[in-house]
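Taking my numbering, the leading residue of the sequence shown gets -4, the next gets one more, and so forth. For glycine and all other residues, C-beta sits at the position ideal for the given N, C-alpha and C. Here the structure is a predicted model, which is why all the values come from computation and not from measurement. Below: the structure, in C-alpha coordinates.
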Amino acid sequence: MKSRISALLLILASTFSLHAQLYSSFTITAELAAAAPPDKAIPCQLPSQPAAFDFADFYKTHVHYPPLAQENNIEGTVVVAISVDDCGWVTERQLVRSVHSLLDEAALTATENLKWMMPTVENGQPVAGTLMVPLRFRLR
-4 MKSRISALLL ILASTFSLHA QLYSSFTITA ELAAAAPPDK AIPCQLPSQP
46 AAFDFADFYK THVHYPPLAQ ENNIEGTVVV AISVDDCGWV TERQLVRSVH
96 SLLDEAALTA TENLKWMMPT VENGQPVAGT LMVPLRFRLR
(Lines of atoms letter the chains of each structure in order from A and count residues from 1; the text may use other names and numbers.)
(Lines give C-alpha, C1' and ligand atoms only; values in the text may rest on other atoms or scores of the structure.)
Protein backbone atom coordinates (compact mmCIF):
# COMPACT_ATOMS: atom_id res chain seq x y z
CA MET A 1 0.00 0.00 0.00
CA LYS A 2 2.83 2.41 0.89
CA SER A 3 4.55 1.71 -2.42
CA ARG A 4 1.35 2.49 -4.35
CA ILE A 5 0.90 5.79 -2.52
CA SER A 6 4.56 6.66 -3.08
CA ALA A 7 4.25 5.84 -6.78
CA LEU A 8 1.08 7.91 -7.05
CA LEU A 9 2.72 10.89 -5.33
CA LEU A 10 5.75 10.57 -7.61
CA ILE A 11 3.52 10.58 -10.71
CA LEU A 12 1.56 13.60 -9.46
CA ALA A 13 4.75 15.52 -8.65
CA SER A 14 6.30 14.83 -12.07
CA THR A 15 3.04 15.74 -13.85
CA PHE A 16 2.90 19.09 -12.03
CA SER A 17 6.54 19.76 -12.90
CA LEU A 18 5.90 18.99 -16.58
CA HIS A 19 2.77 21.19 -16.59
CA ALA A 20 4.77 24.08 -15.11
CA GLN A 21 7.44 23.70 -17.81
CA LEU A 22 4.92 23.56 -20.65
CA TYR A 23 2.71 26.41 -19.50
CA SER A 24 5.12 28.82 -17.82
CA SER A 25 4.39 32.43 -18.67
CA PHE A 26 6.84 34.75 -20.36
CA THR A 27 6.91 38.45 -21.11
CA ILE A 28 7.38 39.98 -24.53
CA THR A 29 9.11 43.32 -24.26
CA ALA A 30 8.23 46.21 -26.55
CA GLU A 31 11.68 45.92 -28.15
CA LEU A 32 11.17 42.22 -28.90
CA ALA A 33 7.68 42.84 -30.29
CA ALA A 34 8.96 45.63 -32.55
CA ALA A 35 11.73 43.40 -33.93
CA ALA A 36 9.40 40.45 -34.60
CA PRO A 37 8.48 39.72 -38.22
CA PRO A 38 4.88 40.49 -39.15
CA ASP A 39 2.16 37.85 -38.96
CA LYS A 40 2.24 35.69 -42.11
CA ALA A 41 -1.58 35.82 -42.33
CA ILE A 42 -1.23 39.49 -43.30
CA PRO A 43 0.22 39.96 -46.81
CA CYS A 44 3.56 41.74 -47.08
CA GLN A 45 3.56 45.40 -48.01
CA LEU A 46 6.69 45.83 -50.13
CA PRO A 47 7.68 49.28 -51.35
CA SER A 48 6.79 49.90 -55.01
CA GLN A 49 10.05 51.79 -55.51
CA PRO A 50 12.60 50.08 -53.26
CA ALA A 51 15.47 52.22 -52.08
CA ALA A 52 18.83 51.15 -53.45
CA PHE A 53 20.91 49.40 -50.82
CA ASP A 54 24.16 51.27 -50.37
CA PHE A 55 26.55 48.44 -49.58
CA ALA A 56 29.57 50.77 -49.50
CA ASP A 57 27.90 52.87 -46.80
CA PHE A 58 26.91 49.74 -44.87
CA TYR A 59 30.50 48.46 -45.09
CA LYS A 60 31.98 51.74 -43.83
CA THR A 61 29.47 51.99 -40.99
CA HIS A 62 29.20 48.40 -39.73
CA VAL A 63 32.28 46.38 -40.74
CA HIS A 64 35.12 46.88 -38.29
CA TYR A 65 38.56 45.32 -38.75
CA PRO A 66 39.51 43.64 -35.45
CA PRO A 67 42.67 45.28 -34.05
CA LEU A 68 44.18 41.90 -33.11
CA ALA A 69 43.71 40.70 -36.70
CA GLN A 70 45.43 43.85 -37.98
CA GLU A 71 48.34 43.37 -35.57
CA ASN A 72 48.79 39.79 -36.80
CA ASN A 73 48.42 40.68 -40.50
CA ILE A 74 45.32 38.52 -40.91
CA GLU A 75 43.33 39.36 -44.02
CA GLY A 76 40.93 37.73 -46.45
CA THR A 77 37.32 37.56 -47.56
CA VAL A 78 34.64 36.10 -45.29
CA VAL A 79 31.38 35.08 -46.97
CA VAL A 80 28.12 35.18 -45.00
CA ALA A 81 24.87 33.69 -46.37
CA ILE A 82 21.88 35.85 -45.39
CA SER A 83 18.46 34.19 -45.67
CA VAL A 84 15.54 36.52 -46.34
CA ASP A 85 11.86 35.51 -46.16
CA ASP A 86 9.27 36.57 -48.74
CA CYS A 87 8.49 39.74 -46.73
CA GLY A 88 12.15 40.77 -46.63
CA TRP A 89 12.90 39.91 -43.00
CA VAL A 90 16.37 38.50 -42.43
CA THR A 91 15.78 35.09 -40.87
CA GLU A 92 19.25 33.58 -40.67
CA ARG A 93 22.93 34.35 -41.08
CA GLN A 94 25.41 31.59 -41.72
CA LEU A 95 29.15 31.59 -42.26
CA VAL A 96 29.90 30.12 -45.70
CA ARG A 97 33.61 30.87 -46.08
CA SER A 98 35.85 31.26 -43.06
CA VAL A 99 39.21 33.02 -43.00
CA HIS A 100 40.07 33.31 -39.31
CA SER A 101 37.88 33.32 -36.21
CA LEU A 102 38.57 37.03 -35.59
CA LEU A 103 37.43 38.02 -39.08
CA ASP A 104 34.54 35.54 -39.03
CA GLU A 105 33.21 37.07 -35.82
CA ALA A 106 33.57 40.62 -37.21
CA ALA A 107 31.64 39.65 -40.36
CA LEU A 108 28.80 37.98 -38.43
CA THR A 109 28.60 40.94 -36.04
CA ALA A 110 28.38 43.38 -38.97
CA THR A 111 25.56 41.44 -40.65
CA GLU A 112 23.54 41.36 -37.41
CA ASN A 113 22.66 44.98 -38.22
CA LEU A 114 20.79 43.85 -41.34
CA LYS A 115 17.20 43.27 -40.23
CA TRP A 116 15.36 43.72 -43.54
CA MET A 117 16.37 43.50 -47.18
CA MET A 118 14.34 43.61 -50.39
CA PRO A 119 13.34 39.99 -51.12
CA THR A 120 13.93 38.26 -54.43
CA VAL A 121 11.05 38.69 -56.89
CA GLU A 122 10.08 35.87 -59.24
CA ASN A 123 7.14 36.17 -61.66
CA GLY A 124 6.18 39.43 -59.97
CA GLN A 125 5.90 37.82 -56.51
CA PRO A 126 8.35 38.16 -53.61
CA VAL A 127 9.96 34.86 -52.61
CA ALA A 128 12.33 33.76 -49.90
CA GLY A 129 15.96 33.58 -50.92
CA THR A 130 19.56 33.63 -49.79
CA LEU A 131 22.08 36.37 -50.47
CA MET A 132 25.82 35.65 -50.37
CA VAL A 133 27.62 38.63 -48.84
CA PRO A 134 31.42 38.74 -49.23
CA LEU A 135 33.12 40.90 -46.61
CA ARG A 136 36.71 41.69 -47.53
CA PHE A 137 39.26 42.45 -44.84
CA ARG A 138 42.42 43.83 -46.42
CA LEU A 139 45.40 45.58 -44.90
CA ARG A 140 46.81 48.50 -46.85
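#### Entry: Separation of V128 from S93, as counted between CA atoms
12 Å
#### Entry: Three-state secondary structure assigned by DSSP to S96
helix
### Message
When you compare the CB positions of M113 and G83, do they come within less than 7 Å of one another, or not?
### Response
yes
### Message
Taking the straight line between their C-alpha atoms, what separation do you get for V85 and N108?
### Response
10 Å
### Query
Around the C-beta of V79, are 16 or more other C-beta atoms found within 10 angstroms, so that it is buried, or is it exposed?
buried
### Query
Which residues share a DSSP beta bridge with G124?
V79
### Message
What does the Cβ neighbour count give for L130, buried or exposed, with the cut at 16 atoms within 10 Å?
### Response
buried
### Task
Inspect the beta-carbon positions of D99 and V73 and report whether they are closer than 7 Å.
yes
### Query
What first and last residue would you give for the beta strand (DSSP E) that runs through E117?
115 to 117
### Task
Please say whether A123 and H57 have beta carbons closer to each other than 7 Å?
no
### Message
With H, G and I counted as helix, E and B as strand and the rest as coil, what does DSSP make of P129?
### Response
Strand at P129.
### Message
If you reduce the DSSP assignment to three classes, tell me which class R66 lands in.
### Response
Inspection of the sequence shows that residue 66 is occupied by Glu rather than by Arg. It is helical.
### Task
To the nearest angstrom, report how far apart N118 and D81 are at their CA atoms.
13 Å
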